[in-house]
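Residue numbers (the working numbering): 2 to 322.
Ideal Cβ placement from N, Cα and C applies to all residues, glycine included.
Since this is a predicted model, take the numbers as computed values, not measurements.
Notes for the one structure printed next.
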């Protein structure tokens, strides 16, 4: 008897632990499935990058928007194998292809190919192909675009022979003019890039005067998980600019839902199950009472015969003598 009681106690102790392990295993499988799906889509590991600065934001008052790359956002990084895998701003302007609130693709690249540095995530504005003369560029993107969208400081320049300052008009959410001094660039084929929130291209800086080569590109940005990258930036103290207040607020609200949501769902499901069980019991009771009303009442019990003492026979007078 004591051994049976001990085994039952052991089962009771193991049940919560087994339930926890089961739930943890399901959660791990779920997370692993998501990561594998991301890897299958992007072809890269890790498949996500965190945006550290405000260089791609579309507001002047540090307000974030879903659908735009803001400080603290997470984006998927899809692999790039050739320059044709990237549609630049000028390509998108002609085709209508847009990502993150503007024309063209946003790429993630290592500055000068240095994989030890922090990658840059900026929009590809135009692809310049170095000509064989070693002194000029060409860009197929300009070939079929109206002249009112772009111009050069040297009137003799053409789409296939660029040597001077190239100007592209009405670019970005601020409708600004982007200037590219091709005479200052290293004559090598690559992309000219720019942060949507920045005034100048990356290649206008002395340290980045070479167009972004395809071999420098980590990938192109796809999708967005807003706000959650702030957690990593806070823990690693790598926040490049102030986090948007609405992003911080939305992050805490989301975390609260993630923590409280399953509890509320569990309480709600338990309540519904108990209510359903109670309704079934009530229905069964009503059905039982109805059946009882259909059964005729039992006949009254027959009266038991009363027990009478037998009377003594009358005595006959006899002779006394």
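Closest by C-alpha distance to residue 161, out of 137, 173, 146 and 181, is 137.
Under the three-state reduction of DSSP, residue 73 is assigned to coil, being neither helix nor strand.
Going by DSSP, residue 96 is part of the alpha helix (DSSP H) stretching over 90–96.
When the five nearest sequence neighbours on each side are left out, the beta carbons in the same chain lying within less than 6 Å of the beta carbon of residue 194 are those of 123, 125, 203 and 213, in order along the chain.
Comparing alpha-carbon positions, the option among 188, 304, 167 and 187 lying closest to residue 178 turns out to be 167. Counted as a single uninterrupted DSSP element, the alpha helix (DSSP H) harbouring residue 249 occupies residues 246–295.
Ranked by Cα distance from residue 73, the first of 128, 241, 148 and 81 is 241. Contact annotation, residue 121 with residue 222: C-beta distance approximately 11 Å; criterion of less than 8 Å not satisfied.
DSSP places residue 133 outside both helix and strand once states are collapsed to three, so it counts as coil.
Taking 9 Å as the cut-off, the beta carbon of residue 129 is found no closer than this to the beta carbon of residue 224. Secondary structure note for residue 237: its alpha helix (DSSP H) is the uninterrupted segment 230–237. Assigned with DSSP and collapsed to three states, residue 18 falls in helix. Excluding residues up to 5 positions away in sequence, 51, 53, 73 and 240 lie with their Cβ nearer than 7 Å to the Cβ of residue 234 in the same chain. The beta carbon of residue 196 is closer than 6 Å to those of 56, 57 and 123 in its chain, skipping five residues each way along the sequence. By the 16-neighbour rule on beta-carbons within 10 angstroms, residue 117 is exposed.
Setting aside the 5 residues that flank it on each side, residue 227 is surrounded in the same chain by 67 and 74, each with a C-beta closer than 6 Å to its C-beta; the list follows chain order.
The beta carbon of residue 255 sits closer than 8 Å to those of 228 and 229, all from its chain and outside the five residues before and after it, given in chain order. Judged by beta-carbon spacing, residue 90 lies beyond the 9 Å limit of residue 69, meaning their Cβ atoms are not closer than that value. The beta-carbon separation of residue 27 and residue 95, rounded to 48 Å, does not stay under the 8 Å limit for a contact.
The DSSP-derived three-state label of residue 104 is strand. Annotation: residue 163 is outside any beta strand (DSSP E) and is labelled neither H nor E by DSSP. One Cα belongs to residue 265, the other to residue 279, and the distance between them is close to 21 Å. By a beta-carbon distance limit of 8 Å, residue 187 does not contact residue 135. Their separation comes to about 11 Å. Within the same chain, and ignoring the five residues on either side of residue 84 in sequence, the residues whose Cβ sits closer than 7 Å to its Cβ are 128 and 215. Residue range 218–226 is occupied by the beta strand (DSSP E) that includes residue 223. The continuous stretches of beta strand (DSSP E) do not include residue 85, and DSSP gives it neither H nor E.
DSSP places residue 177 inside the beta strand (DSSP E), whose first and last residues are 177–182.
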